[in-house]
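**Q**
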Amino acid sequence: MNSCLSHKNRPFFADAARACDSPRPLPSLPDKPRDDRAPAAIRPSGVAGLSVPPPFPLPDSGRMPAQHLWKGVPMSIRLPRILCLCALLVSLAAPAPAQTLAPGARRDLAVLATAYPGLMTAIEVNAAGQAVVILADGTRLPYDDGRSKSPEERLNAPDIKDMLAQPYPLGPVTAEPALGFSPGRCRVEPFFLALYGHDKAAVTANCRPVSFLGQTMAFNTRFGAADAFGRAEKSLARLVAADPSLRRYLLPASGGVVWRVIAGTHRLSVHSFAAAVDVSPKGNPYWRNLPRGTNLLPTRQAFPAAAVAAFEAEGFIWGGKWSEFDLMHFEYRPELVLLARLGRGENLPLADIGGLLRVAR
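Numbered according to this note's numbering, the sequence shown spans residues 12 to 372.
(1) Gln312: which of Tyr207, Glu187 and Arg278 sits nearest, CA to CA?
(2) By how many angstroms is the C-alpha of Arg196 removed from the C-alpha of Asn231?
(3) Going by C-alpha distance, which of Leu166, Phe203, Lys332 and Leu338 is nearest Leu123?
(4) Thinking Val136 and Leu152 are a contact (beta carbons under 8 Å), I'd like their distance in whole angstroms, please.
(5) Relative to the C-alpha of Asp173, which candidate in Val184, Arg165 and Val251 has its C-alpha closest?
(6) How about Val281 and Glu342: do their beta carbons lie closer than 7 Å?
(7) If you draw a straight line from the alpha carbon of Gly129 to that of Pro169, how long is it in whole angstroms?
(8) Any heavy atom of the ligand PLP within a distance shorter than 6 Å of the CB on Phe284?
(9) CB Ala362 to CB Thr125, shorter than 7 Å?
(10) Report the start-end ranges of each alpha helix (DSSP H) in the region 272-346 that is 4 residues or longer and not cut off at the edges.
(11) Count the other CB atoms within 10 Å of the CB of Gly283; is the residue buried (16 or more) or exposed (fewer)?
(12) Give me the Cα-Cα distance between Pro292 and Leu261, rounded to the nearest whole angstrom.
(13) By how many angstroms is the C-alpha of Phe223 removed from the C-alpha of Arg324?
(14) Determine the contact status of Tyr179 and Ala286, defining contact as a CB-CB distance below 7 Å.
(15) Going by C-alpha distance, which of Gly149, Ile145, Asp148 and Gln141 is nearest Arg158?
(16) Just curious, the alpha helix (DSSP H) that Phe202 is in, first and last residue?
(17) How would you label Lys245, buried or exposed, when you count the other beta carbons within 10 angstroms and need 16 or more for buried?
(18) Could you have a look at Pro41 and say whether DSSP puts it in helix, strand or coil?
(19) Taking Asn358 as part of the beta strand (DSSP E), name the residues at either end of that continuous run.
(20) Exposed or buried, which one is Asp254 when buried takes at least 16 other CB atoms within 10 Å?
(21) Candidates Thr227, Gly354 and Ala213: which alpha carbon is nearest Arg233's?
(22) Asp148 and Ala236 - do their beta-carbons sit closer together than 7 Å?
(23) Which residue comes first and which comes last in the beta strand (DSSP E) that contains Arg219?
(24) Could you work out which residue in Leu279, Arg372 and Pro345 is closest to Tyr127 when comparing CA atoms only?
(25) By how many angstroms is the C-alpha of Pro201 removed from the C-alpha of Leu146?
(26) Using the beta-carbon count (16 or more within 10 Å), is Ala274 buried or exposed?
(27) So, with DSSP's three-state summary, where would you put Ser193?
(28) With DSSP run on the structure shown, which of helix, strand or coil describes Leu262?
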């Protein structure tokens with residue numbers, strides 16, 4: 012390409028001809044009379060040492076008449092070389108096509124783009140189809156880091172694929188979940204930091220007060236979380252009005268910005284981001300407070316299914332469906348609810364991520 016673009020000591024189109032395909036030499040062009048009054052670097056005829064003007068104007072030299080470029084060159088020689096140069100310029104300017112994402116990756120990333128519009132600004136895909144997601148704050152996250160992980164490693168260092176791998180079960184609880192089946196507990200922490208705020212002050216600034224069955228608590232406004240919580244509360248209020256006995260399962264409730272790690276871990280709780288609520292903490296057990304292997308099915312099933320459904324309808328998941336149960340806990344995870352609805356055959360529109368795809372450099 013350098014030889015094709017160089018114009019030092021020889022005409023521009025002569026180099027293009029040699030780099031392309033024609034073995035025929037260009038006809039020699041007569042030298043123009045030297046103008047000794049002009050500076051050596053710039054003369055009326057173009058660049059010093061050239062017998063023809065360059066194909067573009069130089070600073071302070073004025074525009075070169077287009078007819079000078081090919082003066083004396085037969086059309087049979089001009090046309091192939093012009094086409095060759097056009098093809099070269101088009102190939103340099105055109106973006107390379109994006110690599111293909113695997114169907115599972117495309118679905119997962121389309122679900123994230125649907126649940127959190129605008130959070131992802133690009134998806135870089137390499138020749139092997141491996142994707143890196145770029146978020147609005149500049150965070151870069153691999154969709155699949157390619158590492159084989161134990162269940163504990165998936166909790167402590169998940170990638171996006173791990174975070175979405177376990178399907179959340181919508182509807183009533185019918186059986187004890189398998190050991191380690193806790194959809195939603197694998198969270199990519201940098202993803203949530205970009206989603207809701209990088210520290211307590213940033214999260215607090217993103218919150219607004221929301222009423223919850225007579226209480227008021229702060230909830231994060233970003234990506235529709237507070238609005239979804241408000242809609243869930245209205246559904247719950249109707250249920251409680253119809254059956255006041257439900258209040259004991261739901262109140263008192265605790266939420267707001269509680270910047271802390273999960274007990275026994277180094278991972279931030281979703282309560283840090285004001286995107287979760289704990290209902291009736293004293294009446295709804297947590298797995299660390301009971302012996303391992305406790306059959307909790309009757310307790311899970313005793314929790315009002317209508318209340319769970321009211322939360323799930325607005326994009327919340329319930330910790331009562333986890334192997335490591337947390338019956339008081341609801342958190343806003345619209346991507347998991349969306350995946351669950353797709354998994355049971357619902358025909359739902361997803362965001363088009365084609366415009367986000369880029370070739371990894």
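A virtual CB, placed ideally from N, CA and C, is assigned to each residue, including glycine.
For clarity, every value in this text was computed on a predicted model and none was experimentally measured.
**A** Put simply:
(1) Glu187
(2) 19 Å
(3) Phe203
(4) Their Cβ separation, rounded to whole angstroms, is 14 Å, which puts Val136 and Leu152 out of contact at 8 Å.
(5) Arg165
(6) yes
(7) So the two alpha carbons sit approximately 22 Å from each other.
(8) Of the ligands one can find in the structure shown there are none, so the ligand PLP has no counterpart to examine.
(9) yes
(10) You should have 308-313 and 316-323.
(11) The question names Gly, yet the displayed sequence has Ser at residue 283. Classification for Ser283: buried.
(12) One C-alpha to the other measures close to 9 Å.
(13) Residue identity differs from the one stated: residue 324 is Ala in this sequence, not Arg. Rounded to whole angstroms, Ala324 to Phe223 spans 17 Å at the Cα level.
(14) no
(15) Gln141
(16) Glu200 to Tyr207
(17) exposed
(18) For Pro41, the predicted model reports a pLDDT of 49, less than 50, meaning its position is unreliable; a value from the coordinates is still stated below. It is coil, neither helix nor strand.
(19) No beta strand (DSSP E) holds Asn358; DSSP gives it neither H nor E.
(20) Exposed, because fewer than 16 other Cβ atoms sit within 10 Å of the Cβ of Asp254.
(21) By alpha-carbon distance to Arg233, the top candidate from Thr227, Gly354 and Ala213 is Ala213.
(22) no
(23) Secondary structure note for Arg219: its beta strand (DSSP E) is the uninterrupted segment Cys218 to Phe223.
(24) Pro345
(25) Approximately 10 Å between the Cα atoms of the pair.
(26) exposed
(27) coil
(28) coil
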